[in-house]
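Enquirer: Start counting the sequence shown at 1; every next residue gets the next number (UniProt numbering).
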Amino acid sequence: MATEVKILGHKAKIERVSGQTKQEPWWKEEQLVVWLAFDEAVDGVLSFAIYLPVKKYERDEFLYNVRRRGEEELQRILVKNELEKREIQEKKERQAAVDAAAAEAQCLIE
Numbered sequence: 001m002a003t004e005v006k007i008l009g010h011k012a013k014i015e016r017v018s019g020q021t022k023q024e025p026w027w028k029e030e031q032l033v034v035w036l037a038f039d040e041a042v043d044g045v046l047s048f049a050i051y052l053p054v055k056k057y058e059r060d061e062f063l064y065n066v067r068r069r070g071e072e073e074l075q076r077i078l079v080k081n082e083l084e085k086r087e088i089q090e091k092k093e094r095q096a097a098v099d100a101a102a103a104e105a106q107c108l109i110e
């Protein structure tokens with residue numbers, strides 16, 4: 001059974017933990033990869049991974065670090081998603097303005 005943790009007030013399950021060796025340029029150091037999954041999407045996010053240093057953890061220390069890094073990473077993802085949504089909305093608004101100008105120009109030649 002998967003262990004549950006609270007990430008920014010949302011229940012998440014620790015799905016799996018795997019090890020990642022150093023592989024330049026992507027992985028600068030060895031680390032543990034911890035996958036977290038939500039029962040319900042949090043602003044479109046169903047799951048994500050966090051990275052912890054490779055070391056021997058006590059259970060409470062491991063869960064504390066998973067929660068702490070999970071909250072940091074989820075916050076980063078949510079901010080990024082919000083910025084992307086704003087950019088998409090701005091592009092739609094600019095396109096609508098250009099389309100309106102094109103429609104006006106079209107009327108000039110009809």
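Where is the CB? At the ideal position from N, CA and C, for every residue including glycine.
Taking the beta strand (DSSP E) that residue 15 falls in, what are its first and last residues?
Expert: Start and end: 10 to 20.
Enquirer: Could you check whether the region 31 to 44 touches the region 89 to 106, counting it as contact only if at least three pairs of C-beta atoms, one from each stretch, sit closer than 8 Å?
Expert: Touching, no, given that fewer than three Cβ pairs across the two stretches are closer than 8 Å.
Enquirer: Using a 10 Å radius around the Cβ and a threshold of 16 neighbouring Cβ atoms, would you call residue 70 buried or exposed?
Expert: The residue is buried, with at least 16 neighbouring Cβ atoms inside 10 Å.
Enquirer: Any idea which residues DSSP pairs residue 36 with across the strands?
Expert: Beta-bridge pairing links residue 36 to 14 and 48.
Enquirer: Quick check on the DSSP output: the beta strand (DSSP E) that includes residue 5 runs from which residue to which?
Expert: Counting along the chain, the beta strand (DSSP E) containing residue 5 begins and ends at 4 to 7.
Enquirer: Does DSSP put residue 66 in a helix, a strand or coil?
Expert: Reduced to three states, the DSSP call for residue 66 is helix.
Enquirer: According to DSSP, what are the bridge partners of residue 53?
Expert: Bridge partners of residue 53: 31.
Enquirer: Short check: CB of residue 32 to CB of residue 45, under 9 Å?
Expert: No; because the gap between Cβ atoms is not below 9 Å, this pair is not in contact.
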